[in-house]
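Following this note's numbering, the numbering of the sequence shown begins with 346 at its first residue and continues without gaps. Virtual Cβ for every residue (Gly too), placed ideally from N, Cα, C. These numbers were taken from a predicted model, which means no experiment stands behind them. Heads up: the structure comes next, in structure tokens.
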Amino acid sequence: MEKLNIAIFVSGSGTNCENLIKYFADSERVCCALVVSNKPDALALERARRLGVETAVAPKPQLNDPEFMLPLLRDHRIGFIVLAGFLPLVPNFLIDAFPRRIINLHPALLPKYGGKGMWGHHVHEAVKAAGETETGMTVHWVTPVCDSGEIIAQVKVALCPDDTADDIARKEHELEMTHFPKIVEQVVQEL
Numbered sequence: 346m347e348k349l350n351i352a353i354f355v356s357g358s359g360t361n362c363e364n365l366i367k368y369f370a371d372s373e374r375v376c377c378a379l380v381v382s383n384k385p386d387a388l389a390l391e392r393a394r395r396l397g398v399e400t401a402v403a404p405k406p407q408l409n410d411p412e413f414m415l416p417l418l419r420d421h422r423i424g425f426i427v428l429a430g431f432l433p434l435v436p437n438f439l440i441d442a443f444p445r446r447i448i449n450l451h452p453a454l455l456p457k458y459g460g461k462g463m464w465g466h467h468v469h470e471a472v473k474a475a476g477e478t479e480t481g482m483t484v485h486w487v488t489p490v491c492d493s494g495e496i497i498a499q500v501k502v503a504l505c506p507d508d509t510a511d512d513i514a515r516k517e518h519e520l521e522m523t524h525f526p527k528i529v530e531q532v533v534q535e536l
């Protein structure tokens, strides 16, 4: 059986990206074939290169250009896209080209704490300010509306009243490290 080539889109340090690459390194079904970042200085690109995965930089003008993005993905035979800390909205032409083949990891239990401006520490600060007793991670299908796609999986963790936003971020990130690769694997097995 031919492997499914996935592209991982990232904007930051790339801990989830690195985790996915390592998880699928010996997979007979999935190959992490490309890491794309909108930021040329994203640490995720360096992590990917160290692990032998090709990288590409797509700042906003290139990301929104079908003449740049579609050939890039086609040249790497990409069949699935994973957003792992990718901040820009995915352009509609990519969603159309990859129907139900783009998923996103969000660091909260959607539909709460999603949408524009709700990423990274902003999410964890909002969870803390609301006095939530739990948080978690959500994996969902990508649609043209930010963080509104059908939920694929959620994993929860309890919070203590004295948890800081940093504590919340750490607890949620531990969930990502443990569960995200397994969820991606399950999703692609069902394709």
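Measuring straight from C-alpha to C-alpha, what distance separates residue i and residue j?
i           : j           : result
residue 472 : residue 458 : 7 angstroms
residue 399 : residue 416 : 15 angstroms
residue 512 : residue 443 : 36 angstroms
residue 396 : residue 439 : 26 angstroms
residue 485 : residue 441 : 16 angstroms
residue 366 : residue 478 : 32 angstroms
residue 466 : residue 514 : 7 angstroms
residue 411 : residue 508 : 44 angstroms
residue 491 : residue 527 : 24 angstroms
residue 377 : residue 353 : 7 angstroms
Comparing C-alpha positions only, which one of the options sits nearest to residue i?
i           : options            : result
residue 363 : 440, 420, 413, 388 : 388
residue 434 : 454, 419, 464      : 464
residue 372 : 351, 470, 460      : 351
residue 349 : 356, 506, 418      : 418
residue 405 : 383, 420, 499, 476 : 383
residue 505 : 413, 474, 354, 394 : 474
Verify whether the separation of the beta carbon atoms of residue i and residue j is less than 8 angstroms.
i           : j           : result
residue 379 : residue 423 : yes
residue 453 : residue 483 : yes
residue 375 : residue 487 : no
residue 450 : residue 361 : yes
residue 462 : residue 357 : no
residue 448 : residue 496 : no
residue 336 : residue 510 : Given a span of 346 to 536 for the chain in the structure shown, any question on residue 336 remains unanswerable.
residue 460 : residue 520 : no
Over what stretch of residues does the beta strand (DSSP E) that includes residue i continue unbroken?
i           : result
residue 425 : 423-428
residue 483 : 479-486
residue 355 : 349-355
query = Is it true that the region 393-410 meets the region 425-432, where meeting means three or more beta-carbon pairs spaced less than 8 angstroms apart?
reply = no
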